[in-house]
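K.L.:
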């Protein structure tokens, strides 16, 4: 059977009296169109009969099929087909917004929240779709994925009445065509570093997945590139001939050039003008996040003076360098960092802000890219005075296997700075009880996410653990 072109597929499906689209056979109801997707864990083609039994009026898939009791349309890519079909059903909702999409290993969440903050500051309405949460028409929705599946994304775009939509585009989401059917007006690339290679295999494939975002740019769409890394420079060169490209970096050719850093203030060159920006969050990585948000806002036509004022009032993002203090004035920081580079950024920033010692608490996620575990530990040992290895999500990996891997890695890096406390809440409490004035304890990996496993203390996240320990200490003081 020949593959049916997407435009013909949409015409054929529109001829049917269908009641909806599903990619999960268990959710199919009478009159639904079922799209069979060969996923990473489950092949939807195996459940076509179940979908038809549940009432599917037609089936779309990638593999040849004969003898089906309902129309079957074979397409080249089921994931792309479901996105384009969903966009068509909802009337191509991305066209009614200015869509800003951000991709990169690190910085997507902070940059997207900062852009939304700037837009809100100048009186513009803005939806947000990303890791921490979705916000549509001022209503917050719990985030299911950094980039939602194609059906949910098109539904969110349809429901949004906001002029702007800012969204994070993950490499998984791009590779799986979750943005298919979404026209993008501004595409941002922050950076690229070792992460998700369990999925992509190598850095070249990972980079290619990220570049797919720029193929979604509308005719007059613009690319805004972080030109301060080798991957950013590579992308700039790749896009320069065919797209409207703007960049932030340290070179004279960059549209916004970083000239010098003075604490939390930076001097930048914006075209012929020089200006000073107050960076709302510490760290070099947040300087680049801020400069990209600034350049994007300028491209939207927002005056520079308004952008500068908006940036100064940015409150930060949940789970991104959130700071707390204990009884003896040690500083505790909770951050989502879970790649070697992001850990490196956070620890270097913590070291710059700390007069005492730096303690780092983190763990490895089970069933994920094992190759990044060693460089994560190496970065931690290099920039910390003490390292406490604990648990992150096991994701089905055995506790025994994870423990064995942890101790093997410590043997390779050196035992001098490393301590293992597998219970995450105990690890944080140990640091709380033993840290001294002007120490910094950096807790990374989870950010605002809830724990998947029960631990000793009755808390569900790193933030809750810190709040619970503070309450325990306050209760003990009152009893004393």
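In the working numbering, the protein residues as written are 1 to 480. A virtual CB, placed ideally from N, CA and C, is assigned to each residue, including glycine.
Just how far apart, CA to CA, sit residue 233 and residue 348?
P.N.:
Counting from 1 along the chain shown, the entry for residue 233 is found at position 233. Counting from 1 along the chain shown, the entry for residue 348 is found at position 348. Approximately 24 Å, taken between the alpha carbons.
K.L.:
List, from N- to C-terminal side, the beta strand (DSSP E) runs of 3 residues or more that fit wholly inside the stretch 60-131.
P.N.:
Correct list: 72-74, 98-103 and 126-129.
K.L.:
Which same chain residues, not among the five before or five after residue 342, have their C-beta less than 6 Å away from its C-beta?
P.N.:
Reading the chain shown from its first residue, position 342 is the one you call residue 342. So the qualifying residues of the chain are 106.
K.L.:
Does the structure place the stretch 206-222 close enough to the stretch 127-140 that three or more beta carbon pairs sit under 8 Å?
P.N.:
Verdict: no, contact absent.
K.L.:
Of the choices 95, 230, 231 and 191, whose alpha-carbon is the least far from that of residue 165?
P.N.:
Residue numbering aside, residue 165 sits at position 165 when the chain shown is read from its first letter. Nearest C-alpha to residue 165: 95.
K.L.:
Does residue 261 pass the burial test, meaning 16 or more other C-beta atoms within 10 Å, or should it be called exposed?
P.N.:
Here residue 261 refers to the residue found at position 261 when the chain shown is read from its first residue. Exposed: under 16 other Cβ atoms inside 10 Å.
K.L.:
At a cut of 8 Å, does the stretch 303-315 reach the stretch 443-456 through at least three beta carbon pairs?
P.N.:
Flag = no, the stretch 303-315 and the stretch 443-456 do not touch.
K.L.:
In this structure, how does DSSP classify residue 372 when only helix, strand and coil are distinguished?
P.N.:
Start at 1 with the first residue of the chain shown, and residue 372 comes out as number 372. Residue state, collapsed to three classes: helix.
K.L.:
Which of helix, strand or coil does DSSP assign to residue 27?
P.N.:
In the chain shown, the residue the question calls residue 27 occupies position 27. In the structure shown, residue 27 sits in a helix (DSSP, three-state: H, G or I).
K.L.:
Could you have a look at residue 217 and say whether DSSP puts it in helix, strand or coil?
P.N.:
Here residue 217 corresponds to residue number 217 of the chain shown, with the count starting at 1. Note: residue 217 maps to strand in three-state DSSP.
K.L.:
DSSP state of residue 251, grouped into three classes?
P.N.:
Position 251 of the chain shown, counted from the first residue, corresponds to residue 251. Coil.
K.L.:
Between the C-alpha atoms of residue 364 and residue 42, what's the straight-line distance to the nearest angstrom?
P.N.:
Looking up residue 364 in the chain shown gives position 364. Looking up residue 42 in the chain shown gives position 42. Going from the Cα of residue 364 to the Cα of residue 42 covers about 25 Å.
K.L.:
I'd like the span of the beta strand (DSSP E) that includes residue 444, first residue to last.
P.N.:
Mapped onto the chain shown, residue 444 falls at position 444. Where residue 444 is concerned, the enclosing beta strand (DSSP E) stretches over 440-444.
K.L.:
In three-state terms, what does DSSP make of residue 207?
P.N.:
Taking the chain shown and counting its residues from 1, one reaches residue 207 at position 207. Note: residue 207 maps to helix in three-state DSSP.
K.L.:
Rounded to whole angstroms, how far is the Cβ of residue 293 from the Cβ of residue 118, which I believe are closer than 8 Å?
P.N.:
Taking the chain shown and counting its residues from 1, one reaches residue 293 at position 293. Taking the chain shown and counting its residues from 1, one reaches residue 118 at position 118. Rounded, the Cβ-Cβ distance is 6 Å, consistent with contact.
K.L.:
Cα-Cα, which of 438, 473, 360 and 122 is closest to residue 421?
P.N.:
For the purposes of this step, residue 421 is taken as residue 421 along the chain shown, with counting starting at 1. If we check each option's Cα against that of residue 421, 360 comes out closest.
K.L.:
Is the separation between the beta-carbon of residue 32 and that of residue 21 shorter than 8 Å?
P.N.:
Counted from its first residue, the chain shown places residue 32 at position 32. Counted from its first residue, the chain shown places residue 21 at position 21. Contact flag set, yes.
K.L.:
According to the Cβ coordinates, are residue 156 and residue 134 closer than 8 Å?
P.N.:
Stepping through the chain shown from its first residue, residue 156 is reached at position 156. Stepping through the chain shown from its first residue, residue 134 is reached at position 134. Taking 8 Å as the Cβ cut-off, residue 156 and residue 134 qualify as a contacting pair.
K.L.:
Per DSSP, which one or two residues make a beta bridge with residue 189?
P.N.:
By one-based count along the chain shown, residue 189 stands at place 189. Beta-bridge pairing links residue 189 to 103 and 225.
K.L.:
Identify, in the order they occur along the chain, each residue of the same chain with its Cβ nearer than 7 Å to the Cβ of residue 465, setting aside the five sequence neighbours on each side.
P.N.:
Sequence index remark: in the chain shown, residue 465 carries index 465 (1-based). 425, 428, 457 and 459.
K.L.:
Threshold first: 4 residues or longer. Then list the alpha helix (DSSP H) segments lying entirely within the stretch 406-440, N to C.
P.N.:
With a minimum length of 4 residues, the continuous alpha helix (DSSP H) runs that stay inside the stretch 406-440 are 424-434.
K.L.:
If we count the other Cβ atoms within 10 Å of its Cβ and call it buried at 16 or more, is residue 453 buried or exposed?
P.N.:
Indexing the chain shown from 1 puts residue 453 at position 453. Answer is exposed; the Cβ neighbour count stays below 16.
K.L.:
From which residue to which residue does the beta strand (DSSP E) around residue 34 run?
P.N.:
By one-based count along the chain shown, residue 34 stands at place 34. Its beta strand (DSSP E) spans residues 32-35.
K.L.:
Distance, Cα to Cα, residue 53 vs residue 82?
P.N.:
Start at 1 with the first residue of the chain shown, and residue 53 comes out as number 53. Start at 1 with the first residue of the chain shown, and residue 82 comes out as number 82. Taking the straight line joining both Cα atoms gives about 21 Å.
K.L.:
Where does residue 300 fall in DSSP's three states?
P.N.:
The count along the chain shown starts at 1 and reaches residue 300 at position 300. Residue 300 falls in the coil class under three-state DSSP.
K.L.:
With DSSP collapsed to three states, give me the class of residue 463.
P.N.:
Translated into the one-based positions of the chain shown, residue 463 becomes position 463. The answer is helix: DSSP assigns residue 463 an H, G or I state.
K.L.:
If distances are taken between C-alpha atoms only, which option among 142, 55, 388 and 7 comes closest to residue 84?
P.N.:
As a working note, residue 84 is residue 84 in the chain shown. Nearest C-alpha to residue 84: 7.
K.L.:
From the DSSP output, in three-state form, read off residue 21 for me.
P.N.:
Taking the first residue of the chain shown as position 1, residue 21 is located at position 21. Residue 21 falls in the strand class under three-state DSSP.
K.L.:
For residue 431, collect the residues of the same chain with a Cβ closer than 7 Å to its Cβ; drop the 5 residues on either side in sequence, then sort them by chain order.
P.N.:
The count along the chain shown starts at 1 and reaches residue 431 at position 431. Result list for residue 431: 359, 361, 388 and 441, in chain order.
K.L.:
Determine the extent of the alpha helix (DSSP H) in which residue 11 is found, giving its start and end residues.
P.N.:
Against the chain shown, residue 11 aligns to sequence position 11. Note, residue 11: alpha helix (DSSP H), 6-14.
K.L.:
Is it true that the stretch 54-70 meets the stretch 134-152, where meeting means three or more beta-carbon pairs spaced less than 8 Å apart?
P.N.:
The answer is no - the stretch 134-152 does not touch the stretch 54-70, with fewer than three Cβ pairs under 8 Å.
K.L.:
Can residue 161 and residue 191 be called in contact, C-beta distance under 8 Å?
P.N.:
Within the chain shown, the letter at position 161 stands for residue 161. Within the chain shown, the letter at position 191 stands for residue 191. No, these two residues do not count as a Cβ contact at 8 Å.
K.L.:
When you compare each of 39, 38, 29 and 40 to residue 50 by their alpha carbons, which one comes out closest?
P.N.:
Here residue 50 corresponds to residue number 50 of the chain shown, with the count starting at 1. With distances taken between Cα atoms, residue 50 lies closest to 29.
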